[in-house]
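J.: Chains as they are written, first to last, in my numbering: chain A, 1 to 342; chain V, 343 to 684.
For each residue, glycine too, the CB sits at the ideal point set by N, CA and C.
Quick one: the structure is below, questions incoming.
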């Protein structure tokens with residue numbers, strides 16, 4: 001099969017790889033119909049040291065079951081399924097609590113002999129626990145929105161849920177990437193009344209407004225904080241969807257004492273400002289990597305009936321062989337989120 | 343009047359100071375009956391640079407109203423009252439939310455011309471908003487327990503509440519100081535079933551057991567973490583009642599993915615480990631400086647009927663003139679918590 005492999009910063013290649021086969025009775029092989037490039041793929045794309053052995057890329061995909069292991073009972077060849085961005089058994093203590101990202105048997109695509117999602121097919125461990133069947137045809141127009149349940153929409157939802165967003169709330173979303181925009185959808189869906197989106201890419205913040213953002217703050221740093229405070233008087237709930245220290249500093253500057261910052265962007269820092277000022281102000285830091293699997297069934301009805309349309313974050317489609325172009329376009333911010341069709 | 347003043351590390355003096363007088367119509371003057379030394383007083387006692395002008399010390403006290411300003415309506419001379427460790431108006435947006443520690447008009451004792459609690463009398467700003475009347479006589483045997491509502495008991499309670507402790511829970515309390523011991527009381531009071539107390543001072547951990555700790559872990563560092571995990575399988579809720587990085591590291595090591603660490607000890611660090619590992623594990627950091635005022639009425643009935651006896655943390659009494667000895671004894675860990683009688 002053909003699949004995308006990263007060999008270092010800026011070096012993504014689509015090459016021939018062995019066709020995935022059932023290796024464990026709990027496996028399924030999924031023939032990929034749609035996958036995409038994640039904002040988090042851009043970090044290694046910017047910084048990965050050159051390597052002789054590349055890493056299969058991609059962790060968001062949906063497709064059709066091609067083969068199943070002997071222990072797979074909930075899925076059958078021909079089923080259309082979406083994969084959350086990590087696999088999980090859905091039976092361990094963490095999965096039972098809804099924290100599938102910490103599954104005792106779980107893991108990540110592209111590692112440990114498991115294929116990446118940016119390819120023609122993927123062997124998925126713990127298929128029954130991981131994959132969610134989709135009640136639509138393989139050519140449904142809903143596919144892009146369903147694909148976001150792999151990661152960005154379930155991640156945005158994780159931010160809104162852990163920040164405790166509810167009816168009538170004022171929420172600040174920091175970051176106008178696909179996750180930030182999905183966080184706007186999620187906050188709106190949970191009833192937030194005022195949603196301030198901090199971002200400076202007009203095309204993206206315009207989409208954010210369509211998703212439910214009531215205000216956009218393009219200023220950064222102290223100026224951005226002042227603008228949020230001017231608009232809101234300060235916010236109790238922040239969803240930080242970038243992962244950089246400046247984004248966290250904006251969150252800390254805009255949040256009211258006693259408020260909550262939910263982090264969705266993988267931190268690009270090891271240490272953060274949780275000393276006396278944050279302590280005296282009773283700031284709560286919550287969030288983290290989304291347990292996407294826990295949220296898929298919950299959000300699925302809203303995608304199916306069109307109540308939310310997170311697939312609109314895909315502003316460009318690429319054939320699989322053009323995956324390197326997709327990375328470049330996203331890194332250059334010419335594309336918000338690239339959908340890949342094998 | 344006589345009052346304790348700190349002039350530098352290790353240098354606490356009891357000296358004559360002006361008698362407090364009403365300066366604002368919302369003030370009251372309280373004649374102190376009992377005050378105490380706080381664990382947080384020990385940080386400046388260890389590190390304050392020598393100064394010509396000293397700082398009046400103490401922020402935990404109870405006493406009798408001696409005089410009130412024209413705007414004070416809820417209190418009258420002769421009332422026995424307890425003071426939370428910061429003053430607050432009890433009417434601003436933060437106070438209304440129960441976050442009195444962030445009161446828009448609030449402040450700290452010993453600063454801005456307000457007396458410290460370790461003295462014969464204190465002028466209390468926003469007396470109606472700050473002070474809570476106590477329905478006992480000034481010679482009640484309950485006074486030590488009532489005094490803990492100033493800080494340590496309401497702080498321990500803040501930890502248990504923000505950590506979300508409830509019936510049947512397993513909780514780790516890091517630290518066997520007065521706040522840690524009060525956190526044990528609070529966790530027990532809220533229904534925790536297994537309470538592991540991490541501390542190495544046998545007299546204190548023994549008291550912790552009487553307060554409701556089911557297990558004591560004396561080991562530190564990796565060994566301590568391993569012991570907590572052996573006893574509990576890891577915990578969902580941690581109350582960190584020390585404030586040092588090793589204490590936070592113990593909390594992070596013992597908490598399960600998706601778990602909550604409530605911090606009660608003022609951080610002795612500016613930056614902390616909130617990078618990718620904490621993010622991937624969905625660790626929540628909550629807590630902070632306690633809004634003591636918000637909790638006093640809530641805990642008062644349990645103190646009055648003897649359901650909780652947090653005053654047992656006072657293991658030594660000192661006359662006001664011996665306050666320097668009280669500091670020394672606490673710094674040397676000969677005294678757990680010193681009660682001071684003017």
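Taking 8 Å as the threshold, find out whether the segment 60-80 of chain A comes into contact with the segment 137-153 of chain A through three or more Cβ pairs.
T.: With the cut-off at 8 Å, the segment 60-80 of chain A and the segment 137-153 of chain A touch.
J.: In chain order, what residues of the same chain lie with their CB nearer than 7 Å to the CB of residue 361 of chain V, ignoring the 5 residues before and after it?
T.: Within the second chain, the letter at position 19 stands for residue 361 of chain V. If we look at residue 361 of chain V and ignore the five residues flanking it on each side, its Cβ neighbours are 343, 463.
J.: Using a 10 Å radius around the Cβ and a threshold of 16 neighbouring Cβ atoms, would you call residue 363 of chain V buried or exposed?
T.: Sequence index remark: in the second chain, residue 363 of chain V carries index 21 (1-based). Burial call: exposed.
J.: If you draw a straight line from the C-alpha of residue 567 of chain V to the C-alpha of residue 466 of chain V, how long is it?
T.: Within the second chain, numbered from 1, the residue matching residue 567 of chain V stands at position 225. Within the second chain, numbered from 1, the residue matching residue 466 of chain V stands at position 124. Taking the straight line joining both Cα atoms gives about 44 Å.
J.: Determine contact between the segment 286-304 of chain A and the segment 150-169 of chain A, defined as no fewer than three beta-carbon pairs at a distance below 8 Å.
T.: In short, these stretches touch, since the Cβ pair count reaches three.
J.: How do the segment 164-175 of chain A and the segment 190-207 of chain A stand: do at least 3 beta-carbon pairs fall below 8 Å, yes or no?
T.: At 8 Å Cβ cutoff, the stretches touch.
J.: Residues of chain A with CB closer than 8 Å to the CB of residue 612 of chain V, please, in chain order.
T.: One-based indexing of the second chain puts residue 612 of chain V at position 270. Under the 8 Å cutoff, chain A gives 273, 275, 276.
J.: Alpha carbon to alpha carbon, how far is residue 141 of chain A from residue 208 of chain A? Give it in angstroms, no decimals.
T.: In the first chain, the residue the question calls residue 208 of chain A occupies position 208. In the first chain, the residue the question calls residue 141 of chain A occupies position 141. Rounded to the nearest angstrom, the two C-alpha atoms are 21 Å apart.
J.: For residue 432 of chain V, which residues in the same chain have their Cβ closer than 6 Å to its Cβ, ignoring the five residues on either side in sequence?
T.: Taking the first residue of the second chain as position 1, residue 432 of chain V is located at position 90. So the list reads 471, once near-sequence residues are dropped.
J.: Rounded to a whole number of angstroms, what is the C-alpha to C-alpha distance between residue 572 of chain V and residue 565 of chain V?
T.: Within the second chain, the letter at position 230 stands for residue 572 of chain V. Within the second chain, the letter at position 223 stands for residue 565 of chain V. Distance between the alpha carbons of residue 572 of chain V and residue 565 of chain V: 10 Å.
J.: Would the segment 651-658 of chain V and the segment 302-309 of chain A be scored as touching if the rule is three or more Cβ pairs under 8 Å?
T.: Cβ pair count under 8 Å is below three, so no.
J.: Can you tell me whether residue 552 of chain V is helix, strand or coil according to DSSP?
T.: Counting from one through the second chain, the residue named residue 552 of chain V turns up at place 210. Correct three-state label for residue 552 of chain V: helix.
J.: Between the Cα of residue 70 of chain A and the Cα atoms of A:165, A:202, A:26, A:342, which residue gives the shortest distance?
T.: The count along the first chain starts at 1 and reaches residue 70 of chain A at position 70. Closest by alpha carbon: A:26.
J.: Would the beta-carbon of residue 443 of chain V fall within 9 Å of that of residue 495 of chain V?
T.: In the second chain, residue 443 of chain V corresponds to position 101, counting from 1. In the second chain, residue 495 of chain V corresponds to position 153, counting from 1. No, the pair does not count as a contact, with Cβ atoms beyond the cut-off.
J.: Helix, strand or coil: how does DSSP classify residue 126 of chain A here?
T.: As a first step, residue 126 of chain A is located in the first chain; it is residue number 126 there, counting from the start. Three-state DSSP puts residue 126 of chain A in coil, outside helix and strand.
J.: Which residues in chain V sit within 9 Å of residue 285 of chain A, going by Cβ to Cβ distance?
T.: Looking up residue 285 of chain A in the first chain gives position 285. The contacting residues are 616, 620, 625, 626, 627, 628.
J.: Kindly confirm or deny that the segment 607-620 of chain V and the segment 445-455 of chain V touch, where touching means at least three C-beta pairs closer than 8 Å.
T.: No, they do not touch.
J.: For residue 136 of chain A, which residues of its own chain have a beta-carbon under 8 Å away from its beta-carbon, when the five flanking residues on both sides are left out?
T.: The count along the first chain starts at 1 and reaches residue 136 of chain A at position 136. Here the set comprises 80, 142, 143, 146, 304.
J.: As a quick exercise: from A:338, A:339, A:326, pick the residue whose alpha carbon is nearest that of residue 12 of chain A.
T.: Residue mapping note: residue 12 of chain A aligns to position 12 of the first chain, counting from 1. When only C-alpha atoms are compared, the closest one is A:326.
J.: Okay, do the segment 322-341 of chain A and the segment 38-52 of chain A touch, 3+ Cβ pairs below 8 Å being the bar?
T.: Flag = yes, the segment 322-341 of chain A and the segment 38-52 of chain A touch.
J.: Residue 263 of chain A touches chain V at which residues, Cβ-Cβ below 7 Å?
T.: Reading the first chain from its first residue, position 263 is the one you call residue 263 of chain A. Within 7 Å Cβ-Cβ: 621.
J.: Mapping the DSSP letters down to three states, classify residue 85 of chain A as helix, strand or coil.
T.: To locate residue 85 of chain A, count along the first chain from 1; it is residue 85. Residue state, collapsed to three classes: coil.
J.: DSSP has residue 62 of chain A in a bridge; who is on the other side?
T.: On the first chain, residue 62 of chain A is found 62 positions in, with the first residue counted as 1. Partner(s): A:34, A:82.
J.: Looking at C-alpha atoms only, which residue of A:67, A:84, A:292, A:116 is the closest neighbour of residue 78 of chain A?
T.: Position 78 of the first chain, counted from the first residue, corresponds to residue 78 of chain A. With distances taken between Cα atoms, residue 78 of chain A lies closest to A:67.
J.: At a CB-CB cut-off below 7 Å, which residues of chain V make contact with residue 249 of chain A?
T.: Numbered from 1 along the first chain, position 249 holds the residue referred to as residue 249 of chain A. In chain order: nothing, as chain V lies at least about 13 Å away.
J.: Just the C-alpha distance for residue 288 of chain A and residue 161 of chain A, rounded to the nearest angstrom, thanks.
T.: Translated into the one-based positions of the first chain, residue 288 of chain A becomes position 288. Translated into the one-based positions of the first chain, residue 161 of chain A becomes position 161. Taking the straight line from one Cα to the other gives about 12 Å.
J.: Go ahead and label residue 575 of chain V buried or exposed: buried means 16 or more other beta carbons lie within 10 angstroms of its beta carbon, across all protein chains shown.
T.: Locating residue 575 of chain V in the second chain gives position 233, where the first residue counts as 1. Residue 575 of chain V is exposed by the Cβ-count criterion.
J.: Per DSSP, what kind of secondary structure is residue 677 of chain V in: helix, strand or coil?
T.: In the second chain, counting from the first residue as 1, residue 677 of chain V sits at position 335. Coil at residue 677 of chain V, not helix or strand.
J.: Can you have a look at residue 96 of chain A and say buried or exposed, based on whether 16 or more other CB atoms are within 10 angstroms of its CB?
T.: Within the first chain, the letter at position 96 stands for residue 96 of chain A. Looking at its Cβ environment, which holds fewer than 16 other Cβ atoms inside 10 Å, residue 96 of chain A is exposed.
J.: Counting only C-beta atoms, is residue 431 of chain V closer than 9 Å to chain A at any point?
T.: In the second chain, the residue the question calls residue 431 of chain V occupies position 89. Chain A contact via Cβ: absent.
J.: If we count the other Cβ atoms within 10 Å of its Cβ and call it buried at 16 or more, is residue 151 of chain A buried or exposed?
T.: On the first chain, position 151 is the one that residue 151 of chain A refers to. Buried is the call here.
J.: Taking just the CA atoms, how far does residue 261 of chain A sit from residue 179 of chain A?
T.: If you number the first chain from 1, residue 179 of chain A lands on position 179. If you number the first chain from 1, residue 261 of chain A lands on position 261. Taking the straight line joining both Cα atoms gives about 15 Å.
J.: List, in order along the chain, the chain V residues whose C-beta lies closer than 8 Å to that of residue 347 of chain A?
T.: Residue 347 of chain A cannot be examined here, being either before or after the span of chain A that is shown, 1 to 342.
J.: My understanding is that residue 190 of chain A touches residue 175 of chain A, with C-beta atoms under 8 Å, so please give their C-beta distance in whole angstroms.
T.: Against the first chain, residue 190 of chain A aligns to sequence position 190. Against the first chain, residue 175 of chain A aligns to sequence position 175. 18 Å between Cβ atoms; not a contact.
J.: Thinking C-alpha only, which one of A:277, A:192, A:118, A:217 is nearest residue 202 of chain A?
T.: Numbered from 1 along the first chain, position 202 holds the residue referred to as residue 202 of chain A. Of A:277, A:192, A:118, A:217, the residue nearest in Cα terms is A:217.
J.: Cutting at 6 Å between CB atoms, please list the residues of its own chain near residue 214 of chain A, excluding the five before and the five after it.
T.: Numbered from 1 along the first chain, position 214 holds the residue referred to as residue 214 of chain A. Answer for residue 214 of chain A: 194, 195, listed in chain order.
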